[in-house]
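Asks:
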Amino acid sequence: DVTYQPGHTNASMSETKEADGKWLGVGNKFSKDRFLPVGPLHCECEQLIDITGEKMRLVADHTAWGEPHDFIIVKRDIFKPKQVYELTDFPIRTENMTDCRVQR
Numbered sequence: 001d002v003t004y005q006p007g008h009t010n011a012s013m014s015e016t017k018e019a020d021g022k023w024l025g026v027g028n029k030f031s032k033d034r035f036l037p038v039g040p041l042h043c044e045c046e047q048l049i050d051i052t053g054e055k056m057r058l059v060a061d062h063t064a065w066g067e068p069h070d071f072i073i074v075k076r077d078i079f080k081p082k083q084v085y086e087l088t089d090f091p092i093r094t095e096n097m098t099d100c101r102v103q104r
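Per the numbering used here, the very first residue in the sequence shown carries number 1; after that it's consecutive.
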């Protein structure tokens, strides 16, 4: 079951032009009745829901530390990470140890 009081929600690819409406992520900050109180802080939970069919289906339900807020669900092929980064890719790089200092 989805938490009775869902918090922050975001659908897959919803912040792009290619929104697909396949997944719904829910960050629930009011889930204190679901877990045993074992300390001063209580676990929150995050849920992943498949929204493609006639009925929504809960796929993942797990604890989250802190108060879950914003998140984005995107397809993996959008990212094109490099296997090796060049030092010149970073404009604020430090190449010499003499450049590493605290100046007051």
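No residue lacks a Cβ here, since even glycine has one placed at the ideal position from N, Cα and C. Keep in mind it's a predicted model, so treat the numbers as computed, not measured.
1) For D50, which residues from the same chain have a beta carbon less than 6 Å from its beta carbon, with the 5 sequence-adjacent residues on both sides left out?
2) Output yes or no for whether 7 Å exceeds the beta carbon distance between Q5 and F30.
3) Would you tell me roughly how many angstroms separate the C-alpha atoms of K17 and K80, rounded to the nearest one?
4) Using the C-alpha atoms, what's the distance from A64 back to D20?
5) Mapping the DSSP letters down to three states, classify T52 as helix, strand or coil.
6) So what does DSSP say about R115, is it helix, strand or coil?
7) To which residues does DSSP link T9 through a beta bridge?
8) Which term fits N96, buried or exposed, when burial requires 16 or more other beta carbons within 10 angstroms of its beta carbon?
9) Assuming L58 is part of the beta strand (DSSP E), what are its boundary residues?
10) Ordered along the chain, which non-local residues of its own chain (more than five positions away) have a Cβ less than 7 Å from that of H42?
Replies: Let me lay it out:
1) Indexing the sequence shown from 1 puts residue 50 at position 50. These residues qualify, in order along the chain: R57 and V59.
2) Sequence index remark: in the sequence shown, residue 5 carries index 5 (1-based). Sequence index remark: in the sequence shown, residue 30 carries index 30 (1-based). For Q5 and F30, yes; Cβs fall inside 7 Å.
3) One-based indexing of the sequence shown puts residue 17 at position 17. One-based indexing of the sequence shown puts residue 80 at position 80. Going from the Cα of K17 to the Cα of K80 covers about 19 Å.
4) For the purposes of this step, residue 20 is taken as the residue at position 20 of the sequence shown. For the purposes of this step, residue 64 is taken as the residue at position 64 of the sequence shown. Answer to the nearest angstrom: the Cα atoms are 26 Å apart.
5) Working through the sequence shown from its first residue, we reach residue 52 at position 52. In this structure, DSSP gives T52 a state outside helix and strand, which the three-state scheme calls coil.
6) Missing from the structure shown is residue 115; the chain here goes from 1 to 104 and no further.
7) Working through the sequence shown from its first residue, we reach residue 9 at position 9. In DSSP, T9 forms a bridge with V26.
8) Locating residue 96 in the sequence shown gives position 96, where the first residue counts as 1. With fewer than 16 other Cβ atoms within 10 Å, it is exposed.
9) For the purposes of this step, residue 58 is taken as residue 58 along the sequence shown, with counting starting at 1. Start and end: R57 to A64.
10) For the purposes of this step, residue 42 is taken as the residue at position 42 of the sequence shown. Hits under 7 Å: K32 and F35.
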